[in-house]
């Protein structure tokens, strides 16, 4: 039961962060959406909103990477996996009314210059994504330095496209970015 | 004098939005940083923070587009202009201690699901950037549908790379994204 409450708090906070960011999310709203007593937030996160925020960033980062790993295991090759990561993302962002995209990006932009513990949590997540994507591309036979550049471009395309898709309420940016990312990987494999 | 105060308010608000976003920016902080009386905010923006926010988004969008236009006029060709837009951006974000990047992106992610007037302001700015970049590429001889895809990818690469650069405190993502964008334009011109 105690574990269930902590998980509900983390899950509800992640949802709030995706939709409205860090500064716009209050602990009262989190408690209400998690169906948790307000005091339980401080029980599980004695450091308050900043400690909860750092935990949610790291947890969301792991969840989001798992999404990509699941797709990579299902698809026959790297190009197909990259393509599907973007088409799935486009489908999901549209299904949520253009509310749910990256669980980290909004907070990352808000906190990069205002909270060092939260910036570090975002930086750690991004570094883990970059390392994993680089290893994934390198494992498919792409030279390591190029694999890192590809990983950076794929992730930048995705995050940037999410910004345009959410504001403009269209999947076009994510779909176009996905085609570009898949083409870049295909060319790197052929070269 | 009245014009000066309004301009200082808009300029200070844009700076706060870049560094800490919309929800994290209070009217008291804006008044202090603009060296303006608190009441003058409501004099110039009777609709309060949301009206000021929408004005700042549109003003910042025009300023940021002008940066690109200035570079495009100085550089000898499209590929050089795209490359320099990113190298200048990398230099500027580093010079600001990784605080100042896109003036719109943080707010866009925060408000896309919470304020329809602010979301519309962001969508209008993004649409104007996309249209201008598409026209710029088409004017260089790239077929229009491809020019739009290139514009979407260039802007997504830039916005996504800013997220990683600010959180990770390195210009690498912006520089790598810039090389990819310039290469994509070069290939489109050659094809």
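Residue numbers (this note's numbering), protein chains in the order written: chain R, 544 to 734; chain Z, 544 to 734.
Heads up, the beta-carbon is just placed ideally off N, CA and C, and yes, glycines get one too.
Keep in mind that this is a model prediction, so the values were computed, not measured.
Endpoints, alpha helix (DSSP H) assigned at residue i
| i | result |
| --- | --- |
| residue 618 of chain Z | Note, residue 618 of chain Z: premise wrong, no alpha helix (DSSP H); not H, not E. |
| residue 696 of chain R | 687–711 |
| residue 675 of chain Z | 659–682 |
| residue 575 of chain Z | 570–576 |
| residue 716 of chain Z | 715–733 |
| residue 587 of chain Z | 581–587 |
| residue 566 of chain Z | Taken as a continuous stretch (DSSP letters only), residue 566 of chain Z belongs to no alpha helix (DSSP H), as it is neither H nor E. |
| residue 651 of chain R | 648–654 |
Residues near residue i by beta carbon distance below 7 Å, same chain, minus five either side
| i | result |
| --- | --- |
| residue 684 of chain R | 732 |
| residue 555 of chain R | 573, 576 and 577 |
| residue 560 of chain Z | 568, 599, 646, 649 and 650 |
| residue 660 of chain R | 593 and 597 |
| residue 662 of chain Z | 654 and 655 |
| residue 729 of chain R | 622 |
| residue 603 of chain R | 557, 646 and 647 |
| residue 704 of chain R | 716, 717 and 720 |
| residue 579 of chain R | 548, 551 and 552 |
| residue 618 of chain Z | 624 and 627 |
Own chain partners of residue i with C-beta closer than 8 Å, once the 5 adjacent residues on each side are dropped
| i | result |
| --- | --- |
| residue 558 of chain Z | 576 and 643 |
| residue 585 of chain R | 591 |
| residue 633 of chain R | 708, 714, 717, 718 and 721 |
| residue 702 of chain R | 645 and 648 |
Other residues of its chain near residue i: CB distance less than 6 Å, five sequence neighbours each side excluded
| i | result |
| --- | --- |
| residue 544 of chain Z | Residue confidence for residue 544 of chain Z is low, a pLDDT of 48 falling below 50, so the modelled location carries little weight; the figure read from the coordinates is stated next. Within the same chain, residue 544 of chain Z has no close Cβ partners at all. |
| residue 724 of chain Z | 625, 697 and 700 |
| residue 628 of chain R | 611 and 614 |
| residue 726 of chain R | none |
| residue 636 of chain R | 644 and 708 |
| residue 691 of chain R | 677 |
| residue 681 of chain R | 687 and 690 |
| residue 583 of chain Z | 548 |
| residue 601 of chain R | 664 |
| residue 679 of chain Z | none |
Heavy atom of the ligand NAD within 8 Å of residue i beta-carbon
| i | result |
| --- | --- |
| residue 701 of chain Z | Ligands in the displayed structure: none, and consequently the ligand NAD is not present. |
Return the residues of the stretch 708–722 of chain R that lie within a Cβ-Cβ distance of less than 8 Å from chain Z, sorted by chain order.
709, 710, 711, 712, 715, 716, 719, 720 and 722
Indicate whether the contact test is met: 3 or more Cβ pairs, each with one atom in the stretch 699–718 of chain R and one in the stretch 686–695 of chain Z, closer than 8 Å.
Result yes; three or more Cβ-Cβ pairs closer than 8 Å.
Pull out every residue of the stretch 673–707 of chain Z whose Cβ sits closer than 7 Å to any Cβ of chain R, in chain order.
Residues 692, 695, 696, 698, 699, 700, 701, 702, 703, 704, 706 and 707.
Residues within the stretch 647–662 of chain Z neighbouring chain R, beta-carbon criterion of under 8 Å
648, 649, 651, 652, 653, 655, 656, 657 and 662
Three or more C-beta pairs under 8 Å: does that hold for the stretch 560–572 of chain R against the stretch 560–568 of chain Z?
yes
When Cβ atoms are compared, which residues of the stretch 625–646 of chain R fall closer than 7 Å to chain Z?
641 and 642
Please name the residues in the stretch 547–564 of chain Z whose beta-carbon is closer than 8 Å to at least one beta-carbon of chain R, in chain order.
562, 563 and 564
Taking any Cβ of chain Z, which residues in the stretch 577–591 of chain R have a Cβ under 9 Å from it, in chain order?
none
For the stretch 592–612 of chain Z, list every residue whose C-beta sits within 7 Å of some C-beta in chain R, in sequence order.
Cβ contacts with chain R: none found.
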